[in-house]
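**Q** First residue of the sequence shown? That's 1 in the UniProt record's numbering, and the numbers climb one at a time after it. Heads up, the beta-carbon is just placed ideally off N, CA and C, and yes, glycines get one too. This is the structure I have questions about; it appears just below.
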Amino acid sequence: MSERIEVDRSEPLEMDQRGRVTIPANIRAKHGIDPEIEGDIWVEVDIRHIEIQLDEDDMEGSA
Numbered sequence: 001m002s003e004r005i006e007v008d009r010s011e012p013l014e015m016d017q018r019g020r021v022t023i024p025a026n027i028r029a030k031h032g033i034d035p036e037i038e039g040d041i042w043v044e045v046d047i048r049h050i051e052i053q054l055d056e057d058d059m060e061g062s063a
């Protein structure tokens, strides 16, 4: 059995160092999405742009 949940919301997501993003808790709670349940959860993502913010310390090392 599968269920499709339409969220239709734009939300900036932060990627961790392993390339993972987290669906915000308020969206998970609103739509009853529980990552602890057995089974797979697939999320369809449309990427509009990516912003990379570098720390000043990182910039000094590349000069």
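(1) Which whole-angstrom value describes the C-beta separation of L13 and V7, a residue pair presumed to lie in contact below a C-beta threshold of 8 Å?
(2) Do you know offhand how far E36's Cα is from D55's?
(3) Provide the residue span of the alpha helix (DSSP H) that contains R28, from first to last.
**A** Checking against the coordinates, here is how it stands:
(1) The Cβ separation is near 12 Å, so there is no contact.
(2) 34 Å
(3) 25-31
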